Structure formats: C-alpha cells, structure tokens
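Asker:
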Amino acid sequence: MCGIVGYVGGRVATPLLINGLKRLEYRGYDSAGVAVWQPEALVIRKCVGRLSVLEQSLLAQPIAGTLGIGHTRWATHGEPNEVNSHPHTDCHGRIAVVHNGIIENYQELRAELQQQGHTFRSQTDTEVIPHLIEAELAAGAPSPEEAIRRALRRAKGAYALGILFHDQPGTMYAARCGSPLIVGVGPGEHFIASDVPAIVDQVRRVIYLNDGEVVVLRADSVAISRLDGTPVEAMIQAVTIAAEAVERAGFETFMLKEIHEQPRILRHLLARHEWQNGTVAMPDLALGAPYFRKLNRVMVVACGSAYHAGMYGKLLMEHLTSLAVETDLASEFRYRDPKIDPGTLVVAVSQSGETADTLASIRMAKTWGCKVLSICNVPGSTVARESDAVFFTEAGPEIGVAATKSFTAQLMAFALLSVFIGRARNEVGEAQAQELLVALRTVPDAIHYMLDRSADIRKLADKHHDGPSSLYLGRRFNYPTALEGALKNKEISYQHAEGYAAGEMKHGPIALINEYLPVICICTQTRDEVYAKMVSNMKEVEARHGRIIALATDGDVGMPQLTEDIIWVPPGRDEFSPLVNVVALQLLAYYAAQARGTDIDKPRNLAKSVTVE
Ligand code: AGP
2 MCGIVGYVGG
12 RVATPLLING
22 LKRLEYRGYD
32 SAGVAVWQPE
42 ALVIRKCVGR
52 LSVLEQSLLA
62 QPIAGTLGIG
72 HTRWATHGEP
82 NEVNSHPHTD
92 CHGRIAVVHN
102 GIIENYQELR
112 AELQQQGHTF
122 RSQTDTEVIP
132 HLIEAELAAG
142 APSPEEAIRR
152 ALRRAKGAYA
162 LGILFHDQPG
172 TMYAARCGSP
182 LIVGVGPGEH
192 FIASDVPAIV
202 DQVRRVIYLN
212 DGEVVVLRAD
222 SVAISRLDGT
232 PVEAMIQAVT
242 IAAEAVERAG
252 FETFMLKEIH
262 EQPRILRHLL
272 ARHEWQNGTV
282 AMPDLALGAP
292 YFRKLNRVMV
302 VACGSAYHAG
312 MYGKLLMEHL
322 TSLAVETDLA
332 SEFRYRDPKI
342 DPGTLVVAVS
352 QSGETADTLA
362 SIRMAKTWGC
372 KVLSICNVPG
382 STVARESDAV
392 FFTEAGPEIG
402 VAATKSFTAQ
412 LMAFALLSVF
422 IGRARNEVGE
432 AQAQELLVAL
442 RTVPDAIHYM
452 LDRSADIRKL
462 ADKHHDGPSS
472 LYLGRRFNYP
482 TALEGALKNK
492 EISYQHAEGY
502 AAGEMKHGPI
512 ALINEYLPVI
522 CICTQTRDEV
532 YAKMVSNMKE
542 VEARHGRIIA
552 LATDGDVGMP
562 QLTEDIIWVP
572 PGRDEFSPLV
582 NVVALQLLAY
592 YAAQARGTDI
602 DKPRNLAKSV
612 TVE
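Mapping of the sequence shown onto the numbering used here: position 507 corresponds to residue 508, and the numbering continues sequentially without gaps.
#1: Could you please give me the residues that DSSP links to Tyr174 through a beta bridge?
#2: In the DSSP assignment, the alpha helix (DSSP H) including Phe116 goes from what residue to what residue?
#3: Give me the DSSP bridge partner(s) of Leu68.
#4: My output table needs one value for Pro16: the three-state DSSP class, helix, strand or coil.
#5: Give every residue whose Cβ lies closer than 5 Å to any heavy atom of the ligand AGP, listed in chain order.
#6: Note down the Cα distance separating Tyr336 from Ala303, rounded to an integer number of angstroms.
#7: Here's the rule: buried if 16 or more other CB atoms are within 10 angstroms of the residue's CB, otherwise exposed. What is Pro343?
#8: Could you tell me the alpha carbon to alpha carbon distance between Ala112 and Pro510, rounded to whole angstroms?
#9: Is it buried or exposed for Asp168, if we count other Cβ within 10 angstroms and need 16 for buried?
#10: Can you list, in chain order, the residues of its chain whose CB lies under 6 Å from that of Met283, leaving out five sequence neighbours each side?
#11: Would you say the segment 161–178 touches the segment 135–152, given that touching needs at least three Cβ pairs under 8 Å?
#12: Could you round the C-beta distance between Gln352 and Ser407 to whole angstroms and report it? I think they count as a contact, below 8 Å.
#13: Can you tell me which residues form a DSSP beta bridge with Glu499?
#14: Given Ser362, which residues of its chain have a CB within under 6 Å of its CB, disregarding the five upstream and five downstream residues?
#15: For Gly50, name the three-state secondary structure that DSSP assigns.
#16: Distance, Cα to Cα, His132 vs Thr254?
#17: Name the two residues that bound the continuous beta strand (DSSP E) containing Phe392.
#18: CA-CA distance, Ile453 and Trp569?
#19: Measuring alpha carbon to alpha carbon, tell me which of Met539, Leu257 and Asn85 ends up nearest Arg249.
#20: Would Thr443 and Pro579 qualify as a contact pair, given that the criterion is a beta-carbon distance under 7 Å?
#21: Report the option in Asn582, Leu607, Pro170 and Leu518 whose CA atom is closest to the CA atom of Gly468.
#22: Spatial neighbours of Val197 within its chain, please: CB distance less than 7 Å, with the 5 preceding and 5 following residues excluded, ordered by chain position.
#23: Express the C-alpha separation of Ala440 and Thr77 in angstroms, rounding to a whole number.
#24: Assess, as a yes-or-no matter, whether the segment 418–433 is touched by the segment 271–286 under the definition of 3 or more beta carbon pairs within less than 8 Å.
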C-alpha cells in the first residue's frame, strides 16, 4: 500500500524523503512524488514507475528546501499515472497532501466541492482532502490545523496524511485514522513515516499516532490534538529495531536474507519461552493460565500467509487442548454472523499489525466482549495496541513482500501457545510438554539442514519452473503448508499454483494432472496415519504421469520408487514438520522466481501491508 515520508528540520528534505521512501518500497507502489516548500511555491515532482525514476529526476533538477512530504502510490482509485500520483493539491496549489488509505465518501464530497467551484484534476479519492481543507479555510476555519480537523470530521474511511501549506513555512501537518503513521523525533527535526523502517537510520525515537489524531510538526515542536481539538500528550518511545535490520546484509534479496534468518529467530523465540515452573514461559503475555483454564472456544482470524499459520494453529491447538478452535479469513469473518460470545478468545495473526480486515475483525470481537490475543511482529502496530494480549514474534522487520520468517515465527508462536494452553488446562502432562519442547528445539537445526540443501532445491526449481501451473498437496498439519507453498510460488514467480488438501484431489484437481503438471507432494508425516493416504495420492498422480516433486523424510526408502525429484527433510515430530517443510517450499518458490526473472522482493501488484479492504 502507499508509503508516506515527511520531513521538517534543518537538512535538505528531498534526499531524506527518497531515502525513506526507498525503505518503504517493500510496501508495493506504482508511482511516486514529493512536494517541497519553497518561498515562491510548493514545488511538486511526480513520476510513474520505480522510485529510481523520481530520484534521477531530483538529482538532475534538485529542489532545495528543508520541509517536504513524499509518497509512493499503490493505485486504488484511478490508474497509475502522473496526474493520479500524490501529492495532490487544492485549486491554487497552496495545500499539498499525500495520503495512504481510502476516503470512502469521496464521490459525494467531490460532487459537493465541484458545485462550490472546486476544480479536480485526478481520478483519486485523495484529491478531495486538499479541496476540503481549502473550503474549510475559506469558510473561516481559524487555523490550518482546525481546517484539517473540520475536513477530516467529514471524511469517511481510512487515512494517514501528510500535509503542507504554502503560507505555513517550517510547518508540517499530519493525521491518521485507520492507516499507520508515526512521527520520528530527532534533534531539531521531525519526520513522519508509514513505518519505522523508513526512518530507522535517521532517528531513534518515535511517536505512534492514534486514530483520530492530528499533529502539527515544526523543527523543534510537536503538538497533537484529536479531531475535536482536545490536546493529546505526545508519548515518545525508543525505536527497538537496529538500522542494520533493514539492510540486505550481503544477500542478493531481502527474501533470501529473511529465509536464512529463520533458524536464529526460532532459536530466539524458544529461548524467550524456556521451560519454567512446569510449562513454557510466557514472559510478556497479558493473559495467564487462569484465563485459559476457563476458556470455551478460540476463533483465529487472519489474512494471506498469516491465515495459513492460523490454520496450523487450529490443528495444533485442537490436538493439544480440548478447545474448539476455528480459523477464518478476516475478510470473510467480518461480514458473516459468527455466533461468538465473551467466552471465546479471538486470536488475530498479523505480521504487520496493520492489515485492514484483521483490524476490523479485532474491533468487532471487542464489541462482543471477547478478549483478543494477537500474534504480531511489529511492536507499536495498531493490531498490537488494540489487543488485550500480544505474542510478539520478534522476527525483526520483514522487507521482502512474501512472508517467510514472520510465517515460521507465527507457527512457532502457535506451537508454544498450544503447549502453554494445554498445560494451563492440564490437558498436556508435564512430561509430554517437555517432550514437545525438546522436539521444537530441533527445528532450528533442521531448518539449517534445509538451507544447506539449497543447491538441490534450486536444481528442482530449474527443472520445473517453466510450466503454466503447479499443484501443492498436503494433509493434516501439512495442508496449510501446501497452501503456503503455493501462495509463495504464485506471489513471487507468477506461476499459477494451487494448494490442496491431498484428500480433495479426487474431487476435482485430479483432472489437471498430466505429464506437464508439477505436483509438489508433502509426505513427511511418517508417524501419522495420513502418511499412507498421502502415498496413495502420490501413486494416483504417478498413474496419470504428473511430475511429482516429493518432500520426504531422510531414510524413506519407498519414496525414490515414486519419483526421482525429492527434497529430503530431516526427521522430526509430525506436528512440527510444517516449520521445516515450508522452508523447502520457500526456497523452491524463490529459485523458480529467480529462473523466471521476476522482481522477488517487490512482486508486481502486491503490497506488504494491506491497509485497505
Ligand atoms: C504473504 O506472503 C503475503 N504477502 C500476504 O498474504 C500477507 O501474509 C497478508 O497480507 C497478511 O499480512 P499481515 O500478516 O501483515 O496481516
């Protein structure tokens, strides 16, 4: 989704804006622009395409000035072109606005403003904002901030805004409702940004704005108010991530770096949740054993990869506790009529903590009196702040658009939570819990082993990447793994891929199988009753000449009789095999994407943080 960076202080603004926007590239975008205050006018420069085009333009014709706002646009209303790119202005170019979000009632506001004589140039929803502010000033708003507040009281939808006024030198305005926005605090300077990584190399202190807040920033002051004008005290917090965390560290892409970070992250999570007083420790969880003892039901809501993690969470929680657990897509959950009561715990899973549908689901759950536990990777994010309890996955900033390390960290979170809840309810004995923990501790090494086999996985990707489609099959704990493997493949290699529960193959997808279709079969749950079923499904694929790529456990002597294309996985407990298997599928997708020549970290059309519905 769109990215925002703004600067006010003593340094030249545009290099800082470009530097920050580059660090937001992972959010996805199709055009970019800046507005910089100059004595004679607000100077605006916009370009379609990559940020480097805008950067080159600014290098060729620099814009001086120490106050500016910048934007990367991910088109929602109006095609990606220069006119629709942000910043947008009022009729006279005296107010410039950058926006992330959607103004849902823009059509009626636009019609009303047009009737008053305002001229619109773009097809965007955003353009109503500078015109509304202009109208409020004309109608007598006593200050720019009051004009902003009055304008925003009329806007419905989601927004994070950066605003400049030509008659307000040295002052940047910003506001937030539903879309993320932070203020960066430095000596004699302030930033605004959509996310901490944008400015992590510039400041070490930030303010997380809340919904319905408007902020006025000068080089040496910050003033926050609510939409009704009530002043709000600024809560300055330290930045917890290191600047190096958003560098590639020698890897060719962020995604590859993040795939390789997984063993370290999982080891860290295991260390944070060590064995203590007869269970795994939950040092920061605001819900304790007594709450889980009384719990009736769990409802997991999430989107995309986080939803797949939630599917795994359901299987594991059901396996280790007597709780009834359901998982739903947040975008569906929010529009159905679930029979949820305060005895249900809603678990929201979100890497970014800003996903619009997940947030909406949390808010609905709270109106029903449910507690919300989120599994989240970004401290200070809206999901984290609005939840009653948070399990932080502590995977560090994930820049590659395709979720990798955040996903395995979510699986680990579910594993640890399931053991903890099972212990709290006395449904998992102490010895069993210890055994589970011992098995979990083997996972980081098993992932290392997979990473060491990257060259073999690459060979398979090179062999099979060229077809139009592929099928991923798994059962039980590895059904979500199949879905996640297919999602990774389509996201970054643009090859159509379908994940299926292997038992469903006969109910439709078997019609696709021929000698051209790669079928990735996850067959590593050797102790599970589904192993034999999975082997039968593979035989059915073989009988129809499908190109089987098997994930099999080291020492599985039967597997080479089914296929020569095998990714060998070290043995481990069936319940935790998805944490290792998915790494093999991440690598398979990665090398397929490389062979197909796609932009792996910034796949087309995708946004890292989906802050609109
Ligand atoms: C995964 O690779 C995705 N890019 C996407 O499906 C993502 O998992 C989804 O948008 C949810 O994001 P969140 O975890 O930040 O809520």
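Where a beta carbon is used, it is the ideal one built from N, C-alpha and C, also for glycine. Predicted model, so just to flag it, every value in this text is computed and none were measured.
Answerer: Per the coordinate set shown:
#1: Indexing the sequence shown from 1 puts residue 174 at position 173. Looking at the DSSP assignment, Tyr174 forms a beta bridge with Ile164 and Val217.
#2: Counting from one through the sequence shown, the residue named residue 116 turns up at place 115. Residue identity check: residue 116 is Gln in the sequence provided, not Phe. Counting along the chain, the alpha helix (DSSP H) containing Gln116 begins and ends at Tyr107 to Gln116.
#3: Numbered from its first residue, the sequence shown carries residue 68 at position 67. The bridge partners DSSP lists for Leu68 are Val9.
#4: The sequence position of residue 16 within the sequence shown is 15, counting from 1. Helix, per DSSP.
#5: Taking each Cβ in turn, the ones that pass are Cys304, Gly305, Ser306, Ala307, Ser351, Gln352, Ser353, Thr356, Ala403, Ala404 and Val611.
#6: The residue labelled residue 336 in the question sits at position 335 within the sequence shown. The residue labelled residue 303 in the question sits at position 302 within the sequence shown. One Cα belongs to Tyr336, the other to Ala303, and the distance between them is close to 14 Å.
#7: In the sequence shown, counting from the first residue as 1, residue 343 sits at position 342. Looking at its Cβ environment, which holds fewer than 16 other Cβ atoms inside 10 Å, Pro343 is exposed.
#8: Counted from its first residue, the sequence shown places residue 112 at position 111. Counted from its first residue, the sequence shown places residue 510 at position 509. One C-alpha to the other measures close to 49 Å.
#9: Position 167 of the sequence shown, counted from the start, is the residue given in the question as residue 168. Counting Cβ neighbours within 10 Å, Asp168 comes out exposed, since fewer than 16 surround it.
#10: Position 282 of the sequence shown, counting from 1, holds the residue named residue 283. Cβ within range, chain order: Phe421.
#11: Yes: the two stretches touch, three or more of their Cβ pairs being nearer than 8 Å.
#12: Position 351 of the sequence shown holds residue 352. Position 406 of the sequence shown holds residue 407. Rounded, the Cβ-Cβ distance is 4 Å, consistent with contact.
#13: Here residue 499 is taken as the residue at index 498 of the sequence shown, counted from 1. The beta-bridge partner set that DSSP reports for Glu499 consists of Leu472.
#14: Within the sequence shown, numbered from 1, the residue matching residue 362 stands at position 361. Counting only Cβ-Cβ distances below 6 Å, and skipping sequence neighbours, we find Val302, Ala331, Phe334 and Arg335.
#15: The count along the sequence shown starts at 1 and reaches residue 50 at position 49. DSSP places Gly50 in coil when its eight states are reduced to three.
#16: Here residue 132 is taken as the residue at index 131 of the sequence shown, counted from 1. Here residue 254 is taken as the residue at index 253 of the sequence shown, counted from 1. Cα to Cα, His132 sits roughly 41 Å from Thr254.
#17: As a working mapping, residue 392 is identified with position 391 in the sequence shown. Where Phe392 is concerned, the enclosing beta strand (DSSP E) stretches over Ala390 to Phe393.
#18: In the sequence shown, the residue the question calls residue 453 occupies position 452. In the sequence shown, the residue the question calls residue 569 occupies position 568. According to the sequence provided, residue 453 is Asp. The question's Ile does not apply to it. For Asp453 and Trp569, the distance between alpha carbons rounds to 11 Å.
#19: As a first step, residue 249 is located in the sequence shown; it is residue number 248 there, counting from the start. With respect to the C-alpha of Arg249, the residue from Met539, Leu257 and Asn85 having the closest C-alpha is Leu257.
#20: Here residue 443 refers to the residue found at position 442 when the sequence shown is read from its first residue. Here residue 579 refers to the residue found at position 578 when the sequence shown is read from its first residue. Cβ distance not < 7 Å, so Thr443 and Pro579 don't count as in contact.
#21: Position 467 of the sequence shown holds residue 468. Among Asn582, Leu607, Pro170 and Leu518, the Cα nearest to that of Gly468 is on Leu518.
#22: Taking the sequence shown and counting its residues from 1, one reaches residue 197 at position 196. Answer for Val197: Ile183, Val207, Val240 and Ile242, listed in chain order.
#23: Sequence index remark: in the sequence shown, residue 77 carries index 76 (1-based). Sequence index remark: in the sequence shown, residue 440 carries index 439 (1-based). Inter-residue distance for Thr77 and Ala440 is about 46 Å (C-alpha atoms, whole angstroms).
#24: Contact between the segment 271–286 and the segment 418–433 is present, because at least three Cβ pairs lie under 8 Å.
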